[in-house]
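Its first residue numbered -15, the sequence shown is counted upward by one per residue in this note's numbering. Glycine included, each C-beta is placed from N, C-alpha and C at the ideal position. Keep in mind the model is a prediction, meaning the values are calculated, not measured.
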Amino acid sequence: MRIGLIDVDGHNYPNLALMKLSAWHKAQGDAVEWWWSDLVYYDIVYMSKVFSDTYTPDRPEPLNADRVVKGGTGYAIRTENGREMYHPELDPPLPPEVEHIYPDYSLYPALTRGTAYGFLTRGCPRGCGFCHVGPKEGRCSVKVADLSEFWRGQENIVLMDPNLLACRDKWELLGQLGDSGARIDFNQGLDIRFATDPRVVEGLASLRVKCLHFAWDNPKEDLRPYFEQFSRLYPRKDPSRKVVYVLANYNSTMEDNLFRIYALRELGHDPYVMIYDKPNAPREVRLLQRWCNNKIIFNAEPDFCKYDPRKG
Ligand code: SF4
């Protein structure tokens, strides 16, 4: 068969589902390529979309295919009463024989050179209101793969796990990551509430990481004791090695935002503002992001109230 692939979000980040579909079809002897023209006939065209319409508009279905299969979180998010809602029935999972195949990294040669991408766990117990992980993957973090499923000696490993430290198999998984000797990037962040056990800190400290990412999304929750404990135990003291995402524009006032930013800085972490619904966020929140995330500005003017954007 002739298979066409469309990465609806563009080609700026490797689409894992398409890499797995490509690997599976190639293993069946099919010809796989990026969909490129209406003039060519395809047996199946797969369209995959990770981001919601707010960030990635959909594109028309190609007409030159027997079947068009659409999938991905982006197709399952609908905006209802101003809030994005996830509809699992619109995002069927990949069949197990596809889900657990070694990805075809050759689809994104520039982005995946020396880097493996994947999930060791899925699901998260937290249920944050703005997040689609709970409805999509369940409210429990469970192991879904061994590292060898998507890693074959690459220098870097990018993990997209939503909450690896909440998984009861975390010791085994941290061991696999440590044994790999690869540089690890937990790109969805780690849960600070599971990262204060001395054994967890020791496991994280034994990994090759450029920096660790955490999040403090809910201002109603006081996470200072956790960040304090982690900072005390973790041997790398430089704040740039301990980045914390601070969610703004979602159930938080400017006072809430600044409280978390200042508290994290005092505790030796590096706050990094993420904006919910950025295209519609107030100017003040976008300025806060610019001030906080540009470390030249942040260090030169530690008080946001004195920050003058006209001076850069
Ligand atoms: S902790 Fe992270 S992954 Fe879990 S529900 Fe909240 S935002 Fe989503």
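Burial check for ARG244: the Cβ neighbour count within 10 Å reaches 16 or more, so the residue is buried.
Taking one beta carbon from each stretch, the stretch 111 to 121 and the stretch 24 to 32 have fewer than 3 pairs nearer than 8 Å; the two do not touch. For ILE245, the secondary structure class from DSSP, reduced to helix, strand or coil, is helix.
In terms of side-chain proximity, the C-beta atom of ASN171 is found no nearer than 8 Å to any non-hydrogen atom of the ligand SF4.
Fully contained in the stretch 78 to 165 are the following alpha helix (DSSP H) runs of length 4 or more, in chain order: 80 to 83, 93 to 96, 117 to 121 and 154 to 164. When DSSP states are grouped into helix, strand and coil, ASP240 belongs to the helix group.
The stretch 7 to 14 and the stretch 31 to 50 do not touch, with fewer than three beta-carbon pairs separated by less than 8 Å. GLY165 and SER32 have their C-alpha atoms spaced approximately 32 Å apart. By the criterion of at least three beta-carbon pairs nearer than 8 Å, the stretch 202 to 221 is not in contact with the stretch 257 to 275. Within the same chain, ASN(-1), LEU2 and SER32 come within 7 Å of ASP(-9) by CB-CB distance, once the 5 residues on both sides are set aside. Unbroken beta strand (DSSP E) runs of no fewer than 3 residues, entirely contained in the stretch 164 to 209, are found at 167 to 170 and 196 to 200, following chain order.
Residue range 61 to 64 is occupied by the beta strand (DSSP E) that includes ARG62. Taking 8 Å as the cut-off, the C-beta of ASN147 counts as close to a heavy atom of the ligand SF4. The residue among TYR70, TRP135, TYR92 and PRO87 with its C-alpha nearest the C-alpha of GLY122 is TYR70. Taking SER190 as the centre and dropping the five residues before and after it, the same chain places the C-beta of GLY162 closer than 7 Å to its C-beta, in chain order.
Closest option to ASN235, judged by alpha-carbon separation, among GLN213, PRO41 and ARG67: ARG67. Between the ligand SF4 and GLY165, a heavy atom-to-CB distance of less than 8 Å is absent. In this structure, the beta-carbon distance from VAL228 to HIS253 falls below 9 Å.
In this structure PRO119 does not touch PRO76 by the C-beta definition: roughly 14 Å separates them, more than the 8 Å allowed.
Checking the DSSP bridge columns, you'll see ILE28 partnered with ILE(-13) and ARG51. Ranked by Cα distance from TYR210, the first of ASN147, THR180 and VAL193 is THR180. A distance criterion of 8 Å places the beta-carbon of ALA129 beyond contact range of the ligand SF4, judged by its closest non-hydrogen atom. The beta carbon of GLY111 sits closer than 8 Å to at least one heavy atom of the ligand SF4.
Per the coordinates, the alpha-carbon of MET144 lies some 12 Å from the alpha-carbon of HIS197. Between the alpha carbons of ASP88 and ARG294 lies a gap of roughly 47 Å. For TRP275, no beta strand (DSSP E) run applies; the uninterrupted alpha helix (DSSP H) run containing it begins and ends at 267 to 277, by DSSP. For LEU231, the enclosing beta strand (DSSP E) stretches over residues 226 to 232.
Distance from the C-beta of GLY118 to the nearest heavy atom of the ligand SF4 is below 8 Å. Boundaries of the alpha helix (DSSP H) around TRP8: 0 to 11. A contact is defined here as three or more CB-CB pairs under 8 Å, and the stretch 141 to 155 meets this definition with respect to the stretch 91 to 105.
When DSSP states are grouped into helix, strand and coil, ARG43 belongs to the coil group.
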